[in-house]
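J.: Mind looking over this structure? Questions follow.
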Amino acid sequence: MFSVSFWLSTYVRFRESYNFSSHDAEFGMVELMSYGETFTEYRNFQLSSKGYLEVLGTNRQIRTDINNINFLERKDREGTAQVRITKTVLDRNGTPDPQLAPVTWVATVTYDYKNPAKKAGDQWLNPRGFGVKAYTMTQEVGVSNGK
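When you number the sequence shown by the working numbering, it's gap-free, plus one each residue, and the end is 151.
Take a look at the structure:
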């Protein structure tokens with residue numbers, strides 16, 4: 005049985021990472037693992053002029069590292085957690101961009117396991133029915149990220 009930490013870290017990596025070649029797959033997984041309003045917020049951002057495809061194109065990537073997960077509430081297959089991540093901008097070859105320091109963020113995620121498959125095959129990608137009901141990101145201030 006997969007742990008809640010697995011599903012939270014998987015969702016946050018899909019949502020916050022970027023690579024041009026896997027963008028469509030990541031977008032699809034965020035849709036699959038999100039409830040309607042949560043996905044709409046993500047979709048609107050990604051389709052805007054500030055979205056990763058528009059800003060980073062084919063020349064840059066974002067690597068998302070999970071630092072830790074702190075559970076704020078857990079009961080009956082649902083809860084809220086904070087997922088602390090570090091996002092690093094990379095060039096097309098996977099080398100960190102020396103002009104942009106890594107940035108630490110905290111994602112607050114409210115989730116449950118009541119998100120049924122929407123179409124055939126979805127159950128193979130999200131067999132537990134993990135669903136994100138709410139998602140917010142806050143940049144951490146005063147974190148050196150090893151610099």
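The C-beta atom is built at its ideal place from N, Cα and C for all residues, glycine as well.
(1) How long is the line joining the alpha carbons of T62 and E144, rounded to whole angstroms?
(2) Quick one: Cα of M5 to Cα of N130, how far?
(3) Tell me whether S7 is buried or exposed, calling it buried when 16 or more other Cβ atoms sit within 10 Å of its Cβ.
(4) May I ask you to report which of helix, strand or coil DSSP gives N48?
(5) Let's test the definition: count the other Cβ atoms within 10 Å of the Cβ of E20 and tell me whether it reaches 16, buried, or not, exposed.
(6) Just to confirm, is the Cβ distance from L12 to V110 under 8 Å?
(7) Measure the C-alpha to C-alpha separation of M33 and Q103 and round it to an integer number of angstroms.
(8) Tell me which residue opens and which closes the beta strand (DSSP E) that G83 is part of.
(9) If the criterion is Cβ atoms closer than 8 Å, does the pair I89 and S9 meet it?
(10) Look at V16 and T68 and say whether their C-beta atoms are less than 8 Å apart.
T.: On the basis of the coordinates in this document:
(1) 28 Å
(2) Residue placement at M5 is poorly supported in this model, since its pLDDT is 37, which falls under 50; the coordinates are not used for a value here.
(3) exposed
(4) Of the three classes helix, strand and coil, the one that applies to N48 here is helix, per DSSP.
(5) When all chains shown are included, E20 counts as buried.
(6) Taking a C-beta distance under 8 Å as the contact criterion, L12 and V110 do not qualify as a contact pair.
(7) Rounded to the nearest angstrom, the two C-alpha atoms are 30 Å apart.
(8) E82 to D95
(9) No.
(10) yes
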